[in-house]
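Engineer: To start, I am sharing the structure in question, which I have written as structure tokens.
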Amino acid sequence: MPRLPTLHLPALADLLQQLRFAPRATRLRQMHNAEELAAEIRPGQSYPHDFIVFRLTGYRPEGEDNPVVYEGETLRAELGVFVELLCDTLNLSRDELEEESYTTAELQDLWSVSVRTISRYRRQGLIAYRVIDRGRRRLIFPGHQVERFAAGRSKELAEAKSFSRIDEELAKEMIRRAARYHDTLGYSLNRAAKRLARRFNRGHETVRKLLARHDASAGGNAIFIEPGPLSAKQREAIFRAWRRGVKAERIAAHYRRSRSSVHRAINEQRLIVLQRQDLSGPETPMFSREDAASVILAPAPVRSELLTERVENLAQLVREAEKNELPEAEEEQALCTARVFLLYQARQALAELPRQQPSALVLDRVETNLRWATRLKEKLIAHHLKLALDTVEDFMGREITELPGNTARELYTLMVETLCEAVDRHDVFKGGRLAAPVSLGLARALGRSFDRPHAGLAKMHGSGETIGLPDLRGKLDDWQQWLDLPLYLRDRFHRLNAEEKQVINLRYGLTGENPRTAEETALQLDMARITVLRRERQAVSRLYRTVDEDDE
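Residues in the sequence shown are numbered consecutively from 204, following our numbering.
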């Protein structure tokens, strides 16, 4: 749907502004008045302001000693814009017209002209309406306007029809190019027809029918007839490729599909994977309030300082534990409430999504919620790391740096796993703090998995710098394996340009702030959502390529 045009003549702009508050019948009447006036305007002639106002409203303005005069060609084009804008305020349905009407593509086919020619005709007096057709706003040309305009240009339109006949050589060239567009770019029949129509200055519908006739008679050599439905294995492969930043065009060309069908398969696979996740959690009636998100997700601790440093060795574990004390009760409650609210929002959104053609915007919101929920868990774990370490050292009877390396690594893994389980199972609405289930859960896990060291067992000596620990930041929630950027890619950020870093940091929350949806990122960076998604794909693809290059 084209954007709404802008009026430049003050007489029409002022009148349109006044009519926005007029009764519907008045607006409809003056719209028809503008149509009739446009049919009478002749290029090369001049028309005074008071004449225009009188013809449109029936009232002649007073006190104009030196009325403004408008040139006919400009006035005719502006009257077409006036009709379109006024019609847009009426919310007319296409059925209300009670006459034949044409979309731009249908009119191109009727007259065998290009979309550029239609745009030129509109400036020359061809009037279009904005109506509601099947729930969507659409630009259409009412039959009486089409007939009137065609009557004045019968010779020109006849020549266009003659010119637009596609001879055999041109048809072969179009079919050859269409095959190339499909094989290399993954174009659908409709998209290829649009590009060919622009290139050869032919009507879109004319070219589309040519390609459709070719495929209907080509049998196994058809260009755009796709194979059967994608298998589950193919959908998973497409999803994996998309996650690695592979362009949809390349995927489409590989599977001989249209780009739109690839995007559809990706979104449906995203939904399948999301629906497999356990997003259960406690709820409260407050969650269903309209202002819930603005209240629950507003506190600063919920939106900042969410990313933690990697714990590379035992010495760093001790340092991180010392500097991260238990949070105040209010902060802990805010973090826990925000996490379960994000999961609640995700559950609600997934329950309403259709299995086929789910909304990419809603999927992005759900995925962003889950990334955010993981960042909150990461922060809660960091706050309770000292408590967990003290519990382990009390049980083992010595500091963790005095234990054998393998034992220390196993204990660290057990600590993180127990902390994750405690966060997942904690019901913030029952009033208790998280510390109690952390201590009890870890004590039980230690009793099941470890024996207390013999008092006479020799202690290990050293600071713990040489005892490396596994990086568990990517294993806090199951969905991280396909929603978060793999940890090994974060070390390669220096390979990205500034714009790509900016987008990735916002989308994944890698600066410590909460992750953003593509829409939120676009708003913050003042760019289009599609640009954000394109830069994200480019960045992810570049990061994976650096891994492949380094492995060669």
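C-beta: ideal position from N, C-alpha, C; glycine also. All of these numbers come straight from a predicted model, not from anything done at the bench.
Taking Cβ positions, are Arg732 and Ala725 nearer each other than 7 Å?
Structural biologist: For this step, residue 732 is matched to residue 529 along the sequence shown. For this step, residue 725 is matched to residue 522 along the sequence shown. Yes. Within cutoff.
Engineer: Leaving out five residues before and five after Pro561 in sequence, what residues of the same chain have Cβ atoms less than 6 Å from its Cβ?
Structural biologist: Looking up residue 561 in the sequence shown gives position 358. Excluding positions up to five away in sequence, the list reads Asn470 and Leu474.
Engineer: Only counting the same chain, and skipping five residues up and downstream in sequence, which positions put a Cβ closer than 6 Å to that of Arg438?
Structural biologist: For the purposes of this step, residue 438 is identified with residue 235 of the sequence shown, where counting begins at 1. Same-chain partners within the cutoff: Ala468 and Gln472.
Engineer: I need the straight-line Cα distance from Val334 to Ser304, nearest angstrom please.
Structural biologist: Taking the sequence shown and counting its residues from 1, one reaches residue 334 at position 131. Taking the sequence shown and counting its residues from 1, one reaches residue 304 at position 101. Using only the alpha carbons, I get a separation of about 11 Å.
Engineer: Relative to the C-alpha of Ala495, which residue among Leu517, Arg542, Gly406 and Val476 is closest?
Structural biologist: Along the sequence shown, one-based indexing puts residue 495 at 292. Measuring from the Cα of Ala495, the nearest candidate turns out to be Arg542.
Engineer: On the criterion of 16 or more Cβ atoms from any shown chain inside 10 Å, does Tyr262 qualify as buried, or is it exposed?
Structural biologist: Here residue 262 refers to the residue found at position 59 when the sequence shown is read from its first residue. With fewer than 16 other Cβ atoms within 10 Å, it is exposed.
Engineer: Would Asn717 be called buried (16 or more neighbouring beta carbons within 10 Å of its own) or exposed?
Structural biologist: Along the sequence shown, read from residue 1 onward, the residue named residue 717 stands at position 514. It counts as buried.
Engineer: Below 6 Å CB to CB, which residues in the same chain sit around Asp680 once its five sequence neighbours on both sides are set aside?
Structural biologist: On the sequence shown, residue 680 is found 477 positions in, with the first residue counted as 1. The residues are Thr577.
Engineer: Could you give the DSSP three-state label for Asn572: helix, strand or coil?
Structural biologist: Walking along the sequence shown from the start, residue 572 turns up at place 369. Residue state, collapsed to three classes: helix.
Engineer: Report the CB separation of Gln727 from Leu709 in whole angstroms; it is logged as a contact under 8 Å.
Structural biologist: Translated into positions along the sequence shown, residue 727 becomes position 524. Translated into positions along the sequence shown, residue 709 becomes position 506. Right, the Cβ-Cβ distance comes to about 6 Å (below 8 Å), so this counts as a contact.
Engineer: So, Ala456 versus Gly355, is the Cβ gap smaller than 7 Å?
Structural biologist: Residue numbering aside, residue 456 sits at position 253 when the sequence shown is read from its first letter. Residue numbering aside, residue 355 sits at position 152 when the sequence shown is read from its first letter. Not a contact, by the Cβ cut-off of 7 Å.
Engineer: Along the chain, where does the alpha helix (DSSP H) containing Tyr547 start, and where does it finish?
Structural biologist: On the sequence shown, residue 547 is found 344 positions in, with the first residue counted as 1. Unbroken alpha helix (DSSP H) run through Tyr547: Ala532 to Glu555.
Engineer: Let me confirm a value: Glu301 is counted as buried when at least 16 other C-beta atoms fall within 10 Å, else exposed. Which label applies?
Structural biologist: Reading the sequence shown from its first residue, position 98 is the one you call residue 301. By the neighbour-count rule (16 or more Cβ atoms within 10 Å), Glu301 is not buried but exposed.
Engineer: Start and end of the alpha helix (DSSP H) containing Phe352?
Structural biologist: The residue given as residue 352 occupies position 149 in the sequence shown. Counting along the chain, the alpha helix (DSSP H) containing Phe352 begins and ends at Gly346 to Ala354.
Engineer: With a threshold of 6 Å on Cβ separation, who are the neighbours of Val284 within its own chain once the five nearest residues in sequence on each side are excluded?
Structural biologist: On the sequence shown, position 81 is the one that residue 284 refers to. Pro208 and Leu210.
Engineer: Where does Val272 fall in DSSP's three states?
Structural biologist: What you label residue 272 is simply residue 69 of the sequence shown in a count that begins at 1. Three-state DSSP puts Val272 in a strand.
Engineer: Hey, could you find the ends of the beta strand (DSSP E) Ser497 is sitting in?
Structural biologist: Here the question's residue 497 lines up with position 294 in the sequence shown. Segment Ala495 to Ile499 is the alpha helix (DSSP H) holding Ser497; no beta strand (DSSP E) there.
Engineer: Measuring straight from C-alpha to C-alpha, what distance separates Gln327 and Leu278?
Structural biologist: Position 124 of the sequence shown, counting from 1, holds the residue named residue 327. Position 75 of the sequence shown, counting from 1, holds the residue named residue 278. Cα-Cα distance, rounded: 10 Å.
Engineer: Please identify the residue among Pro504, Val410, Arg447 and Arg339 whose C-alpha is closest to the C-alpha of Val318.
Structural biologist: Your numbering for residue 318 matches position 115 in the sequence shown. Val318 has its Cα closest to that of Val410, out of Pro504, Val410, Arg447 and Arg339.
Engineer: Please name the residue, chosen from Thr320, Arg513 and Ile707, that lies closest to Cys404 on a Cα-to-Cα basis.
Structural biologist: Taking the first residue of the sequence shown as 1, we reach residue 404 at position 201. Position check: residue 404 holds Asn in this sequence, whereas Cys was assumed. The residue with the shortest Cα to Cα distance from Asn404 is Thr320.
Engineer: If contact is defined by three or more beta carbon pairs under 8 Å, each pair taking one atom from either stretch, is the segment 668–677 in contact with the segment 513–524?
Structural biologist: Taking 8 Å as the limit for Cβ pairs, the verdict is that the segment 668–677 does touch the segment 513–524.
Engineer: Which residues in the same chain have their Cβ closer than 7 Å to the Cβ of Glu276, if we skip the five residues on either side of it in sequence?
Structural biologist: Indexing the sequence shown from 1 puts residue 276 at position 73. Correct list, in chain order: Pro246.
Engineer: Any idea what DSSP makes of Pro251, helix, strand or coil?
Structural biologist: The sequence position of residue 251 within the sequence shown is 48, counting from 1. Correct three-state label for Pro251: strand.
Engineer: Got a sec, what are the start and stop residues for the alpha helix (DSSP H) Val595 sits in?
Structural biologist: Taking the first residue of the sequence shown as position 1, residue 595 is located at position 392. Leu588 to Met599 is the extent of the alpha helix (DSSP H) around Val595.
Engineer: If you run the structure through DSSP and keep just helix, strand and coil, what is Ser296?
Structural biologist: Counted from its first residue, the sequence shown places residue 296 at position 93. Residue state, collapsed to three classes: strand.
Engineer: Please state whether the Cβ-Cβ distance between Leu686 and Glu528 is less than 7 Å.
Structural biologist: Within the sequence shown, residue 686 is the residue found at index 483, counting from 1. Within the sequence shown, residue 528 is the residue found at index 325, counting from 1. Not closer than 7 Å, so no.
Engineer: Look up Asp336 in the DSSP assignment and say whether it is helix, strand or coil.
Structural biologist: What you label residue 336 is simply residue 133 of the sequence shown in a count that begins at 1. Note: Asp336 maps to strand in three-state DSSP.
Engineer: For Leu342, which of Glu602, Ala331 and Glu350 has the nearest alpha-carbon?
Structural biologist: To locate residue 342, count along the sequence shown from 1; it is residue 139. Comparing Cα-Cα distances from Leu342 to each of Glu602, Ala331 and Glu350, the minimum goes to Ala331.
Engineer: May I ask which residues mark the beginning and end of the alpha helix (DSSP H) holding Tyr691?
Structural biologist: In the sequence shown, residue 691 corresponds to position 488, counting from 1. Counting along the chain, the alpha helix (DSSP H) containing Tyr691 begins and ends at Leu690 to Arg693.
Engineer: Can you tell me whether Met489 is buried or exposed, with buried defined as 16 or more other CB within 10 angstroms of its CB?
Structural biologist: As a working mapping, residue 489 is identified with position 286 in the sequence shown. Met489 comes out exposed.
Engineer: Check whether the segment 592–612 and the segment 499–509 touch, using three or more Cβ-Cβ pairs below 8 Å as the test.
Structural biologist: Output reads no: the segment 499–509 does not touch the segment 592–612.
Engineer: Looking at Asn236 and Leu259, is the spacing between their C-beta atoms short of 7 Å?
Structural biologist: Within the sequence shown, numbered from 1, the residue matching residue 259 stands at position 56. Within the sequence shown, numbered from 1, the residue matching residue 236 stands at position 33. Cβ distance < 7 Å, so Leu259 and Asn236 count as in contact.
Engineer: Using the Cα positions of Arg398 and Leu414, report the straight-line distance between them to the nearest angstrom.
Structural biologist: One-based indexing of the sequence shown puts residue 398 at position 195. One-based indexing of the sequence shown puts residue 414 at position 211. Their backbone Cα atoms lie some 12 Å apart in a straight line.
Engineer: Run the CB neighbour count on Glu555, radius 10 Å, all protein chains shown included, and call it buried at 16 or more, exposed below.
Structural biologist: Position 352 of the sequence shown, counting from 1, holds the residue named residue 555. Counting Cβ neighbours within 10 Å, Glu555 comes out exposed, since fewer than 16 surround it.
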